[in-house]
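J.: If you use this note's numbering, the sequence shown closes out at 681, no skipped numbers anywhere.
Glycine included, C-beta positions come from ideal geometry on N, C-alpha and C.
Computed from a prediction, not measured in an experiment: that's the story for all the values here.
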Amino acid sequence: MRHHNGWVAYSELKRVYLASSLVFLKLIVYKVLLPHVVTPDAAAAWAAAWSAGRAAAAVGMPATE
């Protein structure tokens, strides 16, 4: 049982790490591509990317560009 719990925790940690990596990758891309001035369009694009990343992570599939 102890090993099983450890394995589940490891799998969850790995999933969270991969999801976080996608989020950080999107953040870096948007920091590079978008100007520092936050516009409504930029905020909407970031919100859409965030939602897409969360949805992709939830089903365990890579986010599409």
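1. Is residue 671 buried or exposed, if buried means 16 or more other CB atoms sit within 10 Å of its CB?
2. When burial is assigned at 16 or more other CB atoms within 10 Å of the CB, is residue 673 buried or exposed?
3. Check this for me: beta carbons of residue 639 and residue 669, under 8 angstroms apart or not?
4. How many angstroms separate the CA atom of residue 642 from the CA atom of residue 665?
T.: In brief:
1. Counting from 1 along the sequence shown, the entry for residue 671 is found at position 55. Exposed, because fewer than 16 other Cβ atoms sit within 10 Å of the Cβ of residue 671.
2. Locating residue 673 in the sequence shown gives position 57, counting from the first residue. With 16 or more other Cβ atoms from the protein chains shown falling within 10 Å of its own Cβ, residue 673 counts as buried.
3. Here the question's residue 639 lines up with position 23 in the sequence shown. Here the question's residue 669 lines up with position 53 in the sequence shown. The answer is yes: Cβ separation under 8 angstroms.
4. Residue mapping note: residue 642 aligns to position 26 of the sequence shown, counting from 1. Residue mapping note: residue 665 aligns to position 49 of the sequence shown, counting from 1. Spanning the two alpha carbons is a distance of roughly 7 angstroms.
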